[in-house]
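Chains A and B are the protein sequences, given in the same order. Under this note's numbering, residues 1 to 233 are what the first sequence spells out, in order. Under this note's numbering, residues 1 to 639 are what the second sequence spells out, in order. Even glycine gets a Cβ: it sits at the ideal position worked out from N, Cα and C.
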Amino acid sequence: MGEVTLTIDGKEIKAKKGMMILEAAQSAGIHIPTLCHHEELTSYGACRLCTVEIIKGKKSRLVTSCTYPVEDGLVVKTESERVMKGRKILLELILARWHIDKAIELDHWPWTAKALLENYGLEQTRFQENTTMCILCGLCVRYCAEVKKANVLGFVGRGIKRQVVIYPELAVKVCPTCQGGKMGCSFVCPTGVIPNDFACIALYGSKKIPLAYPVREYDQDNIREILRSVGDS
Amino acid sequence: MPRLNSATDLKGLRRDLFTRRDPNKPCVTICSGTGCHAYGSEKVAEAFIREIQKNGLQGKVDIRRTGCHGFCEKGTIVIISPEEICYLRVKPDDVPEVVSTTLVGGKVLERLLFKDDDGRKIVHEGEIPFYKHQSRIVFGNNKLIDPKSIDDYIALGGYGALAKILFEMSPEQTLDEIKKSGLRGRGGGGFPTGTKWETTRNAPGEIKYVIVNCDEGDPGAYGDRSLMEGNPHSVLEGLIIGAYAIGSHQGFVYVRQEYPLAVENLSIALNQAREYGLLGENILGSGFDFDVKVHCGAGAFVSGESSALMTAIEGKVGEPRPKYIRTAVSGIWERPSNLNNVKTWATVPVIINKGADWFAGIGTKGSKGTMIFSLVGKVNNTGLVEVPMGITLRDIIYKIGGGIREGKKFKGVQTGGPSGGVIPESLIDTPVDFDELSELGSMMGSGGMIVMDEDTCMVDIARYFLNFLTEESCGKCIPCREGIFQMLQILNRICEGEGKEGDIDLLEEIAEMVKDFSLCALGATAPNPVLSTIKYFREEYEAHIKTKRCPAFTCKKLMSYYIDPKKCQACMICRKNCPVDAIGGGKGLVHIVDQVKCTKCGTCFEVCPARFGAVTRLSGVRVPKPVPAGTKMIRERGE
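Right, here's the structure in full:
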């Protein structure tokens, strides 16, 4: 593997060929915010929060640092004006889905939701709230598919109707063996929307539920309600 | 069918087909493209078969059902050869007269001919203004070919370009020819085709793929469909030529399931080509192997995006993936994959046959050749038009399109489908090519061209396209999924009279971010309808927000129908036609619209006799207090 030299935020950095900009930056102690990235999983490029500006000759372009491979002589600006302006709007859009007051603070996550928003001076969103908690980052889906090789979780729907669902038939078999591990779908979730319990199995027993069940309905109160209704409280 | 084992065999077959055909034998050509099919071309064809039998002409007259001729406004189109008499709007009931007058009597049936503005009748298709200003180098063969017959295609010189490159040119020479022609991708991006081919050719890896993108999904666009339905062999020939130049032995055609006729005609074409040895192993005895698989799409607009399309061919959900390494280098199963649009592939044989220099002689400096547009909307002659690059929008809309319907005023034209922008009247003299359109904030796209008149509300248009995109975004990345949704919410608010100061700035703010941050081209171009309408029609947005007025009287929440009591002649017409009984008054009494009951369907406005003009549309002003019920009408003087 060859080595390349690139400049990130004025710092000259040596990186291995094939590495992504994000990894190179992290190795040099430069922080780029991410939501859908996890080092154990394939890069996905969905949250777009890690977008940076790259300059090649006279041309500049915005790319996601988690999916753009390093190149020799590449100049990267992680907090250029264009980047910061866009990131702020992007976070505001995420905020419309992920209500800050309801956001669960996750100890194991490298930053808290509040800190991230405070960094960009955001307290509330100007947009119509569509509070589903789940921001569709796909970490749980990728974790289940790539690490567990179980595919209990998946996406259905297109556009604004997209959602994460579980397949109860599979969940019954897989979820009990998975629970309690150091990593799990509830552990990788940045929003805390996936509860770490057997709710899905209980739901399957109720026979009332469709084959695929949206994760977004699993807010804590809802689950207690559902568990009670199937007599498994 | 005998297998063709050399270029000589192909030439022999063509000569054979030629001598077998009598150019003087009468032939009835019936357009059976999608537009004419909807008009009932199937019944017209049946009527011709019946009438020809009745008149004892069977065997003496040929009947050919072809793909789309383009002049969809006037379907069903029938052409009688060898005189090439063109009949328009032919109904099954007209057929007996056509047969007796023209086929038996040898005379022209005047009433079915095209009539120009001065009332002059035009006999031949090529002289009709709609066709006269076009140059149909790709699309023109549609009317001469039965798409289900490979012989029709070969008789016209089909697969000649393939034989030429296989036996007279090396793959490098073929590639150079396409590069020299200056051909750019007809699917929207306008990327130089030759450069793309070269990237795939030079990419490491033994196995390479070539792909036809027939996932046309823009509202109002049907050029790819009509080409695939009407002349599938031209697309196929282009694809084989491309495969030869690139060094690929496997091709894919991605075609929408919703295009059943395209799927059918394509499948027939592939089988016929295989039987003749034009596809499969050892094509024409040249030693070159290539075959094609058809992949039917499941109806997602986003699958037209190249990386999403390739993901779909792999058997996964059609979602785009990051393309920082080009699909030409790492596409289907991470192998070099060259994808081009239907129109691009169909142009390739034309370039090989007539030469790169000839092709480069057509068009503008940066955009060569012709472009096929789906001309639709409020224009007189809707249809598919093929024009040289660089023609002005004015020429397309007025010379070919015949101007705006009902003599109304032209307001703007939307090019490039939902990802394109609206170009206003002030820029109507813009020459149409890739670079000019993107400079104006629109794009060439897949060739959709929607003409709008003065009754079109630009805020509503932006809302329409964003609504489409909210549904059709794959939902993977946040800017596109959430950004388009929130822009739509704002536009909905504005159209419903709840727009706020600052909404326009907020729209622009989101739009810029969505453009910069989205994963694929769908997101990157999705804000175009919003940005272009704000750029050229800002005052319309302001009218909606500040004075709650819709200048085009389109946004129902912002307008009312009102009957002027001074003009109402109590004729009862509007009252009888109102579907919700919202009009009060009676015989001799002034009619009054009940604003609560009224659903704003506009029927009263349409039916009120022009000489009265009593029903008016109001927007941005308060509806005057109704006159007391039972007020007698005032008869206009002189009545």
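Does the beta carbon of P267(A) sit closer than 8 Å to a beta carbon anywhere in chain B? The requested residue 267(A) does not occur in the structure, where chain A is confined to residues 1 to 233.
CB contact check: I128(A) to chain B, cutoff 8 Å: For the sequence presented, residue 128(A) should be read as Gln rather than Ile. So, interface residue.
Starting from Q489(B), find everything on chain A with Cβ-Cβ shorter than 8 Å and list it in chain order. For the C-beta of Q489(B), the chain A residues within less than 8 Å are, from N- to C-terminus, F127 and Q128.
Residues bridged to Q163(A) (per DSSP): Beta-bridge partners assigned by DSSP to Q163(A): V156(A).
Taking Cβ-Cβ distances shorter than 7 Å, what residues in chain A pair up with F485(B)? Chain A residues near F485(B): I160.
Residue closest to P579(B), alpha-carbon to alpha-carbon, out of S100(B), K600(B), L589(B) and M169(B): The shortest C-alpha separation from P579(B) is found at K600(B).
Could you give the distance in angstroms between the alpha-carbon of V348(B) and the alpha-carbon of G160(B)? CA-to-CA, the gap between V348(B) and G160(B) works out to about 12 Å.
Outcome for V76(A) when other beta-carbon atoms lying within 10 angstroms are tallied against a minimum of 16: With 16 or more Cβ atoms within 10 Å of its Cβ, V76(A) is classed as buried.
Spatial distance of M369(B) from I428(B) (CA atoms): The sequence given here places Gly at residue 369(B); Met does not occur at that position. One C-alpha to the other measures close to 21 Å.
For a quick check, are the C-beta atoms of T76(B) and G40(B) less than 8 Å apart? Cβ atoms of T76(B) and G40(B): closer than 8 Å.
Would DSSP call T415(B) helix, strand or coil? If DSSP states are grouped into helix, strand and coil, T415(B) belongs with the strands.
Please determine, among L227(B), T430(B), C571(B) and N141(B), the residue with the shortest C-alpha to C-alpha distance to L261(B). Nearest option by C-alpha distance: L227(B).
Assign D116(B) to one of two classes, buried (16 or more other C-beta atoms within 10 Å of its C-beta) or exposed (fewer than that). Burial check for D116(B): the Cβ neighbour count within 10 Å stays below 16, so the residue is exposed.
Under the rule that 16 or more other beta-carbon atoms within 10 Å means buried, what is H31(A), buried or exposed? Counting Cβ neighbours within 10 Å, H31(A) comes out exposed, since fewer than 16 surround it.
Per DSSP, what kind of secondary structure is L278(B) in: helix, strand or coil? Of the three classes helix, strand and coil, the one that applies to L278(B) here is coil, per DSSP.
Beta-bridge partners of I63(B), as assigned by DSSP: DSSP, once it has assigned bridges, lists V28(B) as partnering I63(B).
E386(B) versus V147(A) - alpha carbon distance: E386(B) and V147(A) have their C-alpha atoms some 53 Å from each other.
Same chain only: Cβ atoms within 8 Å of R493(B), ignoring 5 sequence neighbours per side: Exclusion of the five residues before and after R493(B) leaves G499, K500 and D503 as the residues of its chain whose Cβ lies within less than 8 Å of its Cβ.
Three-state secondary structure (DSSP) of G630(B): Coil, per DSSP.
Please check if any C-beta of chain B sits within less than 8 Å of the C-beta of I13(A). Judged by the 8 Å Cβ criterion, I13(A) is not in contact with chain B.
Starting from A300(B), find everything on chain A with Cβ-Cβ shorter than 7 Å and list it in chain order. Contact note: A300(B) reaches chain A through R158, using a C-beta cutoff of 7 Å and chain order.
What do you get for W345(B), buried or exposed, if any count of 16 or more other CB atoms within 10 angstroms of its CB means buried? Of the other Cβ atoms in all chains shown, 16 or more fall within 10 Å of the Cβ of W345(B); this residue is therefore buried.
Nearest-angstrom Cα separation, counted from N341(B) out to T78(A): N341(B) has its alpha-carbon roughly 36 Å from the corresponding atom of T78(A).
For I201(A), which three-state DSSP category applies? Low per-residue confidence applies at I201(A): pLDDT is 46, beneath 50, and the placement is therefore not dependable, though the value from the model is reported in the following sentence. Residue state for I201(A) is assigned as helix, using DSSP reduced to three classes.
Looking only at C-alpha atoms, which of R256(B), Y244(B) and D460(B) sits nearest to I165(B)? Nearest C-alpha to I165(B): Y244(B).
Partners in chain B for R97(A), counting only beta-carbon separations shorter than 8 Å: Here the neighbours are E482.
On the CB-based measure, 16 or more other CB atoms within 10 Å of its CB, does F18(B) come out buried or exposed? By the Cβ-count criterion, F18(B) is exposed, with fewer than 16 other Cβ atoms from all chains shown falling within 10 Å of its own Cβ.
Kindly indicate if chain B contains any beta-carbon less than 8 Å away from that of A46(A). Yes, because at least one Cβ of chain B sits closer than 8 Å to the Cβ of A46(A).
Other residues of its chain near G297(B): CB distance less than 7 Å, five sequence neighbours each side excluded: Around G297(B): D215, Y254, V255, R256, Q257, S303 and A312.
Please give me, in chain order, every unbroken run of the alpha helix (DSSP H) with length at least 4 that falls completely inside the stretch 317 to 364 of chain B. Within the stretch 317 to 364 of chain B, the complete alpha helix (DSSP H) runs of at least 4 residues are 342 to 354 and 356 to 360.
Cα separation between R48(A) and E509(B)? When rounded, the distance between both Cα atoms is 17 Å.
Between C457(B) and V376(B), what straight-line distance do the alpha-carbon atoms span, to the nearest angstrom? Rounded to the nearest angstrom, the two C-alpha atoms are 17 Å apart.
Do you know how far the Cα of C178(A) is from the Cα of P646(B)? Lying outside 1 to 639, the shown extent of chain B, residue 646(B) is not represented and no answer is given.
Once DSSP output is grouped into helix, strand and coil, what is the label at Q53(B)? Q53(B) falls in the helix class under three-state DSSP.
Runs of 4 residues minimum, wholly inside the stretch 433 to 507 of chain B: which ones carry the alpha helix (DSSP H) assignment? You should have 434 to 439, 458 to 472 and 478 to 495.
Please classify R335(B) as buried or exposed, where buried requires at least 16 neighbouring CB atoms within 10 angstroms. R335(B) should be labelled buried.
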